[in-house]
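Asker: What follows is a structure written as structure tokens; I'll ask about it next.
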Amino acid sequence: MPRTLLALTAALIAVPAMAQLVPGVSVPPVQVPSINLPDVGGTVNGVTESVGETADRLLDLRTERVDRLLRRNRDTIELDSQGEPARRGELLLIDPSPAALGAAQAAGFTPGERAEMGSLGLTVVSVTLPRADAEIVAPSPEQLVS
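Those letters in the sequence shown? Residues 8 to 153, per this note's numbering, in order.
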């Protein structure tokens, strides 16, 4: 009995494979029953509209919070070139090489706090921007990378 079942199973698997691999072998068509599924267009449209409205509301709330943060901390926080809040007059250098730190100092930046991100194996150094009246000499890309 087990051998018969094994042979029957092998034959059932082999016929569709033969039909795909050997030209001229045909398998009789199988009628698939039709299934009437409900239209989900209304449901999906409602969800996508709701997600869009929620995203817009979250963006509005974020904008309000950033504006409030800026108003309350005018002397320490400003918008960066991309419109994101940043510490006024400071930059963070992520894992700077000694040469890059030296180039930043030569350009007039003053090193500040140094923090070790132990789990990432990185060092973050804050540098203070040069005074507005100081002459800024930008370091070359080679100085920053080396």
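Just so you know, even glycine gets a beta-carbon here, dropped at the ideal spot from N, CA and C. As the structure is a prediction and not an experimental result, all values here were calculated from the model.
If you run the structure through DSSP and keep just helix, strand and coil, what is T83?
Answerer: coil
Asker: Among V134, G90 and R95, which residue has its Cα nearest to the Cα of R69?
Answerer: When each option's Cα is compared against that of R69, the closest is G90.
Asker: Enumerated in chain order, which unbroken segments of the beta strand (DSSP E) with a length of 3 residues or greater are wholly contained in the region 42-128?
Answerer: 84-86, 92-94, 97-101 and 117-124
Asker: Roughly how far, in whole angstroms, is the beta-carbon of L99 from the beta-carbon of V131, given that I think they are within contact range, below 8 Å?
Answerer: A Cβ-Cβ separation of about 6 Å places L99 in contact with V131 under the 8 Å criterion.
Asker: Assuming the contact rule is C-beta atoms closer than 8 Å, T135 and G119 should be a hit. Round their C-beta distance to whole Å, please.
Answerer: 6 Å
Asker: Does D39 come out as helix, strand or coil in the three-state DSSP assignment?
Answerer: In the sequence as displayed, the identity of residue 39 is Val instead of Asp. In the structure shown, V39 sits in coil (DSSP, three-state: anything other than H, G, I, E or B).
Asker: Around the C-beta of P103, are 16 or more other C-beta atoms found within 10 angstroms, so that it is buried, or is it exposed?
Answerer: buried
Asker: Under 8 Å between the Cβ atoms of R95 and I84?
Answerer: yes
Asker: Distance check for D63 and Q112, CA to CA, integer angstroms please.
Answerer: 43 Å
Asker: Out of I101, L77 and D67, state which residue places its alpha-carbon closest to the alpha-carbon of L129.
Answerer: I101
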